[in-house]
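All letters in the sequence shown, in the order written, are residues 7 to 146 by the working numbering.
Every residue gets a Cβ at the ideal spot worked out from N, C-alpha and C, and that includes glycine.
The structure appears right after this line, and notes come after that.
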Amino acid sequence: MERVPVLKIGDILLVSIQLDMSDQTALTLQDDLAERIVATGCHGVIIDITALDIVDSFVGRMLSTIASISRVLDAETVVVGMRPAVAITLVELGLSLNGIRTALNVERGMELIAAARSADDDYDYDVADDEPRDETTATR
7 MERVPVLKIG DILLVSIQLD MSDQTALTLQ DDLAERIVAT GCHGVIIDIT ALDIVDSFVG
67 RMLSTIASIS RVLDAETVVV GMRPAVAITL VELGLSLNGI RTALNVERGM ELIAAARSAD
127 DDYDYDVADD EPRDETTATR
């Protein structure tokens, strides 16, 4: 069985899918990625699908599931390198990829994750007051 490599770059995991995804490869990737997020404490996942010519409904759902799992594990997911034909197919299949941000390339994907992380850092949860607070305006 083939595995998709998961590379760590700073606090981001980069997944570059370079092969046609079988259902088993997709499920293995999902498990491997969840394990790596926990093991590394990464806050971002970039899935590069530049090499994919087609995406079926299973792979589309798998991308959504990965994004949901990543979010629960405190990591933002960005899918990069989507070809127009893949985007059209996903829309025609009715797959909206909820929770997944998209970018044209890896560099832009990294910028989106950095921006999301910065926004999260500006907004903190005050455990003592049990209320969310904005760090930029809070005084103590």
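For S28, which beta-bridge partners are listed by DSSP?
-> In the DSSP output, where bridge partners are listed per residue, S28 has none listed.
As assigned by DSSP and simplified to three states, the class of E8 = coil
Is the CB of I72 under 9 Å away from at least one CB in chain C?
-> The chain inventory of the structure shown lacks chain C, comprising one protein chain alone.
Using a Cβ-Cβ cut-off of 6 Å (strictly less than) and excluding sequence neighbours within five positions of I75, which residues of its own chain qualify?
-> A40
What's the C-alpha gap between R42 and K14?
-> 9 Å
Below 9 Å between beta carbons: does that hold for N104 and A73?
-> It is a contact, given that the beta carbons lie within the stated cut-off.
Is the beta carbon of V86 sitting closer than 9 Å to the one on D54?
-> yes
Give the straight-line distance between the Cα atoms of G16 and V65, rounded to the nearest whole angstrom.
-> Their Cα atoms are separated by approximately 27 Å.
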